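Undergrad:
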Amino acid sequence: MKRKAVVVVGPTASGKTALGVNICKAFNGEVISADSMQIYKGLQISTAKPDSVEMDGVKHHLIDFLDVTEKYSVSDYCKDARMVFDDIVSRGKLPVIVGGTGLYIDSFLTNTEFLDEASSDDVRNELFKELKEKGAEFMHNKLRDIDPEAAGKIHPNNTVRVIRALEVYKTTGKTITQQTLDSHKIESDIEPLYIGISYNDREKLYDRINLRVDLMLEKGLLDEARNFFGSNPSKTAFNSIGCKELKPYVDNEKSLDECVEQLKRSTRRYAKRQLTWFKRNPDIHWFYPDLNDGDINLQVFDLINKFLVGERLEEE
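In our numbering, the protein residues as written are 650 to 965.
1. If distances are taken between C-alpha atoms only, which option among 881, 830 and 669 comes closest to residue 749?
2. List the whole-angstrom C-beta distance separating residue 858 from residue 917, where the pair is believed to meet the contact cut-off of C-beta under 8 angstroms.
3. When you compare only the Cα positions, how much space is there between residue 790 and residue 664?
4. Mapping the DSSP letters down to three states, classify residue 945 as helix, strand or coil.
5. Under the three-state reduction of DSSP, which class applies to residue 855: helix, strand or coil?
6. Would you decide whether residue 813 is buried or exposed? Buried here means 16 or more other CB atoms lie within 10 Å of its CB.
7. Using the DSSP secondary-structure output, state which residues sit across from residue 776 in a beta bridge.
8. Thinking residue 805 and residue 786 are a contact (beta carbons under 8 angstroms), I'd like their distance in whole angstroms, please.
9. Return the Cβ separation of residue 763 and residue 730 in integer angstroms, given the expectation that the two are a contact with Cβ distance under 8 angstroms.
10. Assuming residue 896 is part of the alpha helix (DSSP H), what are its boundary residues?
11. So residue 825 is in the beta strand (DSSP E); what residue range does that whole segment cover?
12. Exposed or buried, what is residue 1004 when buried is set at 16 or more other beta-carbons lying within 10 Å of its beta-carbon?
13. Hey, residue 755 and residue 850: beta-carbon distance below 9 angstroms or not?
14. Please give me, in chain order, every unbroken run of the alpha helix (DSSP H) with length at least 4 that falls completely inside the segment 656–703.
15. So what's residue 709 in DSSP terms, helix, strand or just coil?
16. With C-beta atoms as the reference, is residue 772 less than 9 angstroms away from residue 788?
17. Which residues does DSSP list as the beta-bridge partners of residue 723?
18. Looking at the strands, I want to know which residues DSSP matches up with residue 653.
19. From 919, 667 and 687, pick the residue whose C-alpha is nearest to that of residue 702; which is it?
20. Just to confirm, are residue 745 and residue 655 a CB contact at a threshold of 9 angstroms?
21. Answer yes if the segment 882–894 comes into contact with the segment 821–834, meaning at least three C-beta pairs across the two stretches below 8 angstroms, and no otherwise.
22. With the cut-off set at 9 angstroms, would you say residue 662 and residue 861 are in Cβ contact?
23. Just mark residue 802 as buried or exposed, buried being the case when its beta carbon has 16 or more other beta carbons within 10 Å.
24. Quick one: what's got a C-beta closer than 7 angstroms to residue 716's C-beta in the same chain, skipping five residues either side?
25. Classify residue 660 as buried or exposed, calling it buried when 16 or more other Cβ atoms lie within 10 Å of its own Cβ.
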């Protein structure tokens, strides 16, 4: 019998954290965070990491545990999430996965297996050097000779994915297409109920994002960014939205207003990408605070009650 989990997804600033906490309090659950940036220590403000008041006594796992100098992959997340999930279930509690990093969520819930040897800094650097010398078209043709199926799915200008596919082949001897097939041989033992929260009126979501950025600045985002830049962050940590947009101001290259506007723009674009990712999943039951009459929490609770007793769920 598969083990049940509730999964709360949606774009940034949509209200996932509060909904996840309310679910946990109503159903004796604990949160497993699925946010690729909230894992880092020292980024409390820029990643909108929930504080003790927002957690409201609910245990949150996989946040605030990794130094910004360290690398962390989706494979690492799947291993850590599995250990946490097993522990929560063993104590008779409901795992509630909350986050906006779709790759983390999908990889964990589909029991994707990763080969540790499918990554090499030396090989990757060599391939990027070749890319610089010979161009994107040459590298894409190189991939086409090795893995036509992958090349057909990856645009030649998406050099990051092209390089990744070549890296996998050079380090393992298997194409990324074959790796993908091999990674899903064992069916997941988790039965998820997907709950999505967003805003039907996209401008209302963007207003929430803009307001959140303003509040972050009031809470001390600039000081957090300055400390972050001086900590020698890993490439993964540095690329997180929230601090890097302020670096031109810290370096006296742009005004604060310019950098803040760029931060808001980058966050809105990220929310759009999150929605694009999650909208591909037909199993998500979506709730919209700007459309729903009544208390969304109660509507979500009713859906979860049906899920937990095995009732057939109608499309929301």
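Every residue gets a Cβ at the ideal spot worked out from N, C-alpha and C, and that includes glycine. Computed from a prediction, not measured in an experiment: that's the story for all the values here.
TA: Here's the rundown:
1. Among 881, 830 and 669, the Cα nearest to that of residue 749 belongs to 669.
2. The pair is a contact, with the Cβ atoms about 6 angstroms apart (cut-off 8 angstroms).
3. Their Cα atoms are separated by approximately 44 angstroms.
4. DSSP, reduced to helix, strand and coil, places residue 945 within a helical segment of the structure shown.
5. Helix at residue 855.
6. Classification for residue 813: buried.
7. Residue 776 is bridged by DSSP to nothing; it lacks a bridge partner.
8. Correct: roughly 6 angstroms between the Cβ atoms.
9. In this structure residue 763 does not touch residue 730 by the C-beta definition: roughly 13 angstroms separates them, more than the 8 angstroms allowed.
10. 896–899 is the extent of the alpha helix (DSSP H) around residue 896.
11. That residue, residue 825, is in no beta strand (DSSP E); its alpha helix (DSSP H) goes 825–831.
12. As shown, the chain starts at 650 and ends at 965. That puts residue 1004 outside it, with no answer to give.
13. In terms of Cβ geometry, residue 755 and residue 850 do not form a close pair [threshold 9 angstroms].
14. Within the segment 656–703, the runs of alpha helix (DSSP H) that reach at least 4 residues and sit entirely inside it are, in chain order, 665–676.
15. Under the three-state reduction of DSSP, residue 709 is assigned to strand.
16. No, the pair does not count as a contact, with Cβ atoms beyond the cut-off.
17. DSSP lists no partner for residue 723.
18. Partner(s): 840.
19. Of 919, 667 and 687, the residue nearest in Cα terms is 667.
20. In this structure, residue 655 lies closer than 9 angstroms to residue 745 by Cβ.
21. Between the segment 821–834 and the segment 882–894, the count of Cβ pairs shorter than 8 angstroms is below three; the stretches do not touch.
22. Taking C-beta atoms as the reference points, residue 662 and residue 861 count as a pair closer than 9 angstroms.
23. Around the beta carbon of residue 802, fewer than 16 other beta carbons sit within 10 angstroms, so the residue counts as exposed.
24. A distance below 7 angstroms between beta-carbons, with the five flanking residues on each side excluded, links residue 716 to the following residues of its chain, in chain order: 690.
25. With a threshold of 16 other beta carbon atoms within 10 Å, residue 660 meets it and is buried.
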